[in-house]
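If you count by the working numbering, then the sequence shown holds residues 11 to 319, one letter each, in order.
C-beta atoms are modelled at their ideal positions from N, C-alpha and C, and glycine is treated no differently.
These numbers come from a predicted model, not from an experiment.
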Amino acid sequence: MDQTRLRSLLAIAEHGGFGRAAAALGLAQPSLSRQVALLEQEIGRPLLYRHGRGTRLTEDGQRLVDAARPLLAALANLPAVLNDPVPRGQMTLGVPTFMSVHLAESIFGELRLRHPQLHIRLVDGFSGFINQWLTEGRLDVAILYDSQRSRAILAEVLAEEDLLLFARRRRARDLPGEGPAPVSALARLDLVLPDRQHGLRRALQRAGARPDPALLLEVDSLTAIRALVERGIGWSVLPRAALTREAADRRYILRGLGTPPLRARLMVAVSPARGMTPALRAVMAHLHVMVARLQEQGIMTPPADVPQR
11 MDQTRLRSLL AIAEHGGFGR AAAALGLAQP SLSRQVALLE QEIGRPLLYR
61 HGRGTRLTED GQRLVDAARP LLAALANLPA VLNDPVPRGQ MTLGVPTFMS
111 VHLAESIFGE LRLRHPQLHI RLVDGFSGFI NQWLTEGRLD VAILYDSQRS
161 RAILAEVLAE EDLLLFARRR RARDLPGEGP APVSALARLD LVLPDRQHGL
211 RRALQRAGAR PDPALLLEVD SLTAIRALVE RGIGWSVLPR AALTREAADR
261 RYILRGLGTP PLRARLMVAV SPARGMTPAL RAVMAHLHVM VARLQEQGIM
311 TPPADVPQR
């Protein structure tokens, strides 16, 4: 199957239409249309729905894109595998939403200065989305909360983060006392949490948390979760690194969960199809350094054997 035709279909899927895809590939739009027509002829079925607002993949087109994306990425990485020690090329890094603000400056500053031929694209989202994008081959490397090892993903523990319960201080009456709250207390609180597919919810579930469905709002947006908590709608649970703003604001109350503290594993993960290139090694090494630095600064939870200041 011709790589050029497959890359044409991927570009249309990623850019949402022929015009933007043609511009991104540096092709004339008729040439791009011809590539897709040849691919559809080869496959023997339509791969795109064409409508007045653009195009979208058919079911067959989506299956082909999902299968082709990691294969094309692996082919693109072949030159870097052949005895070239210099990190170079394009790498796409996916991180949890709240970590992007802590990592962006060093990635586009320190890492870029050290490896000028290495170009990073940074994307963020909740762990469930990051996991899906990595599995689909849209990412080269990712930071995930509570990722499960599988044949589709190779993951290693990067750190562990305290999970903290937080709300506006006026809701303190919902949870009397001070210090860590028992995980069982979540069952009687108005909660705003991400969906079950995300690592934070899996960590809570393994710890025995049973939120009351009648009191639970499921929100897959960090901005919206913060806004709802700020308005006093309820409590939420986030890792320590997500709560630097709230920790410094006296209007909020932050409580640990469980004794010993409930923690979520922070993993660095890659797709086996990528291959361990110099570029990938450089990015992973930088992530280890940055996480250690954030732990030293108290932004992230220090390792268990290091006392907190």
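Cβ atoms of Leu132 and Ser110: under 9 Å apart, would you say? For the purposes of this step, residue 110 is taken as the residue at position 100 of the sequence shown. For the purposes of this step, residue 132 is taken as the residue at position 122 of the sequence shown. Contact: yes.
Excluding the five sequence neighbours on either side, which residues of its own chain have a C-beta within less than 7 Å of the C-beta of Leu225, listed in chain order? The count along the sequence shown starts at 1 and reaches residue 225 at position 215. Cβ neighbours of Leu225 beyond the five flanking positions: Leu199, Asp200 and Leu201.
Counting pairs of Cβ atoms below 8 Å between the segment 297-306 and the segment 230-240, do you hit three or more? no
Tell me which same chain residues have a C-beta within less than 6 Å of the C-beta of Arg265, skipping the five on either side of it? Within the sequence shown, residue 265 is the residue found at index 255, counting from 1. Result list for Arg265: Leu175 and Ala191, in chain order.
From the DSSP output, which residues share a beta bridge with Ser137? Residue numbering aside, residue 137 sits at position 127 when the sequence shown is read from its first letter. The partner list for Ser137 (beta bridge, DSSP) is empty, contrary to what the question assumes.
Can you tell which of Asp134, Ala289, Gly27 and Ala283 has the C-alpha that lies nearest to the C-alpha of Ala114? Walking along the sequence shown from the start, residue 114 turns up at place 104. Nearest C-alpha to Ala114 among Asp134, Ala289, Gly27 and Ala283: Asp134.
Have a look at the DSSP bridge pairing and note the partners of His129. Start at 1 with the first residue of the sequence shown, and residue 129 comes out as number 119. Partner(s): Gln100.
Continuous beta strand (DSSP E) stretch holding His61: start and end: Numbered from 1 along the sequence shown, position 51 holds the residue referred to as residue 61. First-last of the beta strand (DSSP E) with His61: Leu58 to His61.
Classify Phe28: buried if its beta carbon has 16 or more other beta carbons within 10 angstroms, exposed otherwise. For this step, residue 28 is matched to residue 18 along the sequence shown. So Phe28 ends up on the buried side.
Using DSSP with H/G/I as helix, E/B as strand and the rest coil, what is Arg275? What you label residue 275 is simply residue 265 of the sequence shown in a count that begins at 1. Collapsing the DSSP output to three states places Arg275 in a strand.
Starting from Pro186, follow the beta strand (DSSP E) in both directions and report where the run begins and ends. The count along the sequence shown starts at 1 and reaches residue 186 at position 176. Where Pro186 is concerned, there is no enclosing beta strand (DSSP E), given that its DSSP letter is neither H nor E.
Evaluate Thr287 with the Cβ neighbour count: other Cβ atoms within 10 Å of its Cβ, from every protein chain shown; 16 or more gives buried, anything less gives exposed. Within the sequence shown, residue 287 is the residue found at index 277, counting from 1. Classification of Thr287: buried, given that the 10 Å Cβ count is 16 or more.
What is the residue span of the alpha helix (DSSP H) that Arg249 lies within? For the purposes of this step, residue 249 is taken as residue 239 along the sequence shown, with counting starting at 1. Per the sequence shown, the amino acid found at residue 249 is Pro instead of Arg. Not the alpha helix (DSSP H): Pro249 falls in the beta strand (DSSP E), residues Ser246 to Pro249.
Note down, in chain order, each residue of its chain lying with its Cβ closer than 8 Å to the Cβ of Arg15, except the 5 sequence neighbours on either side. Residue mapping note: residue 15 aligns to position 5 of the sequence shown, counting from 1. Taken in chain order, the residues that qualify are Gln45, Val46, Leu48, Leu49 and Glu52.
Which partner residues of Ala152 appear in the DSSP bridge assignment? Reading the sequence shown from its first residue, position 142 is the one you call residue 152. According to DSSP, Ala152 bridges with Gly104 and Ala279.
Closest residue to Asn141 among Phe118, Ala165, His125 and Arg122 (Cα-Cα distance): As a first step, residue 141 must be located in the sequence shown, where it is residue number 131. For the residues Phe118, Ala165, His125 and Arg122, the minimum Cα distance to Asn141 belongs to Ala165.
So, do the segment 274-286 and the segment 177-195 have three or more beta carbon pairs nearer to each other than 8 Å? Put simply, the segment 274-286 does not touch the segment 177-195. Fewer than three CB pairs are less than 8 Å apart.
Let me check one thing: in DSSP terms, what residues is Leu226 bridge-paired to? Numbered from its first residue, the sequence shown carries residue 226 at position 216. DSSP output for Leu226 lists Leu201 as bridge partner(s).
Between the Cα of Pro204 and the Cα atoms of Arg124, Val151 and Ser137, which residue gives the shortest distance? As a working mapping, residue 204 is identified with position 194 in the sequence shown. Closest option to Pro204, Cα to Cα, is Ser137.
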